[in-house]
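Numbering (UniProt numbering), first residue to last: 1 to 597. Okay, so here's the structure we're looking at.
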């Protein structure tokens, strides 16, 4: 018996795909999957065996096209996916029609809507950048931030010495320790000693008191099912839990096709309201504390409008800058506002997550490159000969005034698979190379985005106003061979640049950043090849100097003290988890003191 098909059903069956096609209509002449016009790319993305980024990264190579349309949201226009360093760099640094995208703002705006990363280019964005300008000054980074970062890095080394002893040769989970080190460091930078809570002391106490095998304390700890030593996590103050939760919330919202609705739902949950109140509460408290310090120095020999030598934190500098901006504009200073509190929260959340992610990927890469560890240690001991002769670690002053090019090369490799912190008086190329290689291969945000505010062209194809461009920071031309693009199709401003040897682009090789000058000296070449770890242009990562400084200090102290032994195949995978950054699912280390080797 045939079922009757009413005219209404027929109409619906015809109108639904037609409506979807109108709302999701493709951009002419740019490749795309025909089925995605109706279904979007979401079914294929969800079905991909690893991550959403891995799906996007696979498309250009699979289809041999550097520019492709993808649909990541239902009922919306397509995004463009670009897999070419030269064109991406051109968009980021030279093409004024490209600004922060609505897509990015929807993802990050649910946590700190008035942070500068969520503002389009204009007066409000310029005010925010002016408010932050002094926080990345070399004098402040070296005199105030570096000693505090050094203190956190030294605490990490002390913790790993303890864990290595109690692990008795077994690897242990390190991602949590790295995350806490980065969090403590950014808290020191943002608030100084005015904020009382840190995470590493509790982590150390937990490792000291961990129960040994068979009961009791002090001996080797219990082993997990994969042979790793298991240590308990130290307690964390609720304000810090709320801060870390912000990054997790971004990942949860970004994993849905309806990001705005997800944030609205989260806002209804009592737990989310509690976390938000804690975040706003401690930001306000620290801002008011900084205003009190500013009032105390006003009118003293250190209280001049242009003298910030009294400042001991980023929030101190922000309040002093707000006072100066208000004076120039003839208004009363507004110290406590959504603008200032969101910038403070953004400092903590973004500054912690990005650096922790790069360090985690970088230490995994360094663990799997034992020859690079030996070369790095030799370079460090040569650069810091006085420290080596005295049997001590380099001081913070020695680290921040010495460029070791091999270390910088390692950092760039971390982000690829930026400029280094200035005022470096002595140069050690291998250190620079190590740092840059870490940056190159450990990209915390592997997809960069921009949105055009007018009709434009990319690779000779017309791109309508309002289109969002997704640019891969890993993949073709960066960590795998470039796709062929006729020079005539390129934008006139997409200038030629250094290229990597196609053989072994995915490997961790700090030497790729080193060259020999006319005098026969080994030098670090920051333009040796492409890297997009920190974006680029005026909308690039504002805190990249701080990130380089922190990575330089942490990597120097770890490499000085430890050889990182291989952890075994089961604990050494490169699977990733997508949250606010693209972080390793697991990060284990098996540190052995060099003196015990």
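Ideal Cβ positions, reconstructed from N, Cα and C, are used throughout, including at glycine.
query                                                                                                                                  : result
Candidates 582, 575, 228 and 579: closest to residue 49 by CA position                                                                 : 575
Nonlocal neighbours in the same chain, by C-beta distance under 6 Å from residue 105, ignoring five residues either side               : 118
Close-in-space but distant-in-sequence residues of the same chain around residue 606 (CB under 8 Å, 5 per side omitted)                : Given a span of 1 to 597 for the chain in the structure shown, any question on residue 606 remains unanswerable.
For residue 590, the three-state DSSP class (helix, strand or coil)                                                                    : coil
Same chain, Cβ closer than 6 Å to residue 601, neighbours up to 5 away in sequence not counted                                         : The chain is shown only over 1 to 597; residue 601 falls outside these bounds and no answer can be derived.
CA-to-CA distance, residue 378 to residue 556, given in whole angstroms                                                                : 12 Å
Residues of its chain near residue 278, where Cβ-Cβ distance is below 7 Å and the 5 sequence neighbours each way are ignored           : 238, 239 and 242
Where residue 230 falls: helix, strand or coil (DSSP)                                                                                  : coil
Segment limits, alpha helix (DSSP H) that includes residue 286                                                                         : 270-297
Spatially closest choice to residue 317 from 212, 136, 54 and 444, by CA coordinates                                                   : 136
Buried or exposed by the 16-neighbour rule on C-beta atoms within 10 Å, applied to residue 63                                          : exposed
Spatial neighbours of residue 301 in its chain, beta-carbon cut-off 7 Å, leaving aside the 5 residues before and after                 : Caution is warranted here: a pLDDT of 41 is assigned to residue 301, below 50, making its placement in the model unreliable, and no coordinate value can be reported.
Exposure of residue 642, with buried meaning 16 or more beta-carbon neighbours within 10 Å                                             : This structure cannot speak to residue 642, because the chain is shown only from 1 to 597.
Residue 349 (DSSP reduced to helix, strand or coil)                                                                                    : helix
Any C-beta of chain B under 7 Å from that of residue 131                                                                               : Note that chain B does not occur in the displayed structure, where there is just one protein chain.
C-beta contact flag for residue 250 and residue 286 at 7 Å                                                                             : no
CB-CB length for residue 504 against residue 438, believed under 8 Å                                                                   : No, residue 504 and residue 438 are not in contact; Cβ-Cβ is about 17 Å, not under 8 Å.
Residues of its chain near residue 582, where Cβ-Cβ distance is below 8 Å and the 5 sequence neighbours each way are ignored           : 51, 53, 357, 443, 444, 445, 446 and 576
Cβ neighbour criterion (16 or more within 10 Å) applied to residue 545                                                                 : buried
Where residue 68 falls, given that 16 or more other Cβ within 10 Å makes a residue buried                                              : buried
Whole runs of the beta strand (DSSP E) within the stretch 456-503, excluding any shorter than 3 residues                               : 456-458, 461-463 and 468-472
Nearest neighbour of residue 472, chosen from 294, 533, 498 and 509 [CA to CA]                                                         : 533
Contact set for residue 153: own chain, Cβ-Cβ below 7 Å, skip 5 residues either direction                                              : 181, 553, 554 and 557
Sequence-distant residues of its chain with Cβ nearer than 6 Å to residue 178 (five each side left out)                                : 356, 359 and 360
In chain order, each beta strand (DSSP E) run of at least 3 residues that lies wholly inside the stretch 160-215                       : none
Where residue 138 falls: helix, strand or coil (DSSP)                                                                                  : helix
Distance CB(residue 348)-CB(residue 190) smaller than 7 Å                                                                              : yes
Presumed contact (8 Å Cβ cut-off) between residue 116 and residue 96, rounded CB distance                                              : Rounded, the Cβ-Cβ distance is 18 Å, inconsistent with contact.
Assigned exposure category for residue 225 - 16 Cβ within 10 Å defines buried                                                          : exposed
Contacts around residue 266, its chain only, beta-carbon distance under 6 Å, and the 5 residues preceding and following it disregarded : 272
C-alpha distance - residue 309 paired with residue 221, whole-angstrom precision                                                       : 47 Å
N- and C-terminal bounds of the beta strand (DSSP E) containing residue 449                                                            : 447-452
Validate contact between the stretch 80-94 and the stretch 493-504 using beta carbons, cut 8 Å, 3 pairs                                : yes
Assigned secondary structure, residue 509 (DSSP; H/G/I helix, E/B strand, else coil)                                                   : coil
Segments assigned beta strand (DSSP E), at least 3 residues, entirely inside the stretch 513-566                                       : 514-516, 522-524 and 562-564
CA-to-CA distance, residue 59 to residue 35, given in whole angstroms                                                                  : 15 Å
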